[in-house]
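Reviewing the structure listed below.
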Amino acid sequence: MDIEPGHVETTERTFTESDVRAFAELSRDRGDHHLERDEDGRLLVHGLLTATLATEIGGRFTVLARRMTYQFHRPVYAGETIRCVVEFTTVEAREDGRTEVAVEATFTREHDETVVVTGSFDGVV
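Each step along the sequence shown adds one to the number in this note's numbering, with nothing skipped, and position 50 is 33.
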């Protein structure tokens, strides 16, 4: 694996109302708070849908995740662009040819840089 601890990867996405509704069906999380607009006309994005941004980065390196931990700090609404920055904190070669990795992730709302989610995952490549 051609990365070292401290390596950073970034992605971003604007979740749409269609994304939220499709994820509600896929996950079976059909709570009204994800299917009905709030008093300000906003549709709440599932926390786990937001967290999938980190799995996009894991997929770039074919990481087989073992553990994922997330803290959801602020709501995310359809139409908001979320940036996910992942830093590899551990990259260790194993005798069997695999590589152990651990990462820290920070998700921010693009327009105001508010941290909406933080988390980590570890696994093998």
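Note that the Cβ used here is the ideal one computed from N, Cα and C, for glycine as well.
- The region -9 to 37 is shown to contain whole alpha helix (DSSP H) runs of 4 or more residues at 0 to 10 and 15 to 18, in chain order.
- Between residue 108 and residue 46, the gap from beta carbon to beta carbon is short of 8 angstroms.
- Three or more beta-carbon pairs separated by less than 8 angstroms link the region 26 to 39 to the region -10 to 10, which places the two stretches in contact.
- DSSP places residue 81 in the coil class of the three-state scheme, outside both helix and strand.
- Rounded to whole angstroms, the gap between the alpha carbons of residue 2 and residue 18 is 11 angstroms.
- Residue -9 is not a Cβ neighbour of residue 84, given a cutoff of 8 angstroms.
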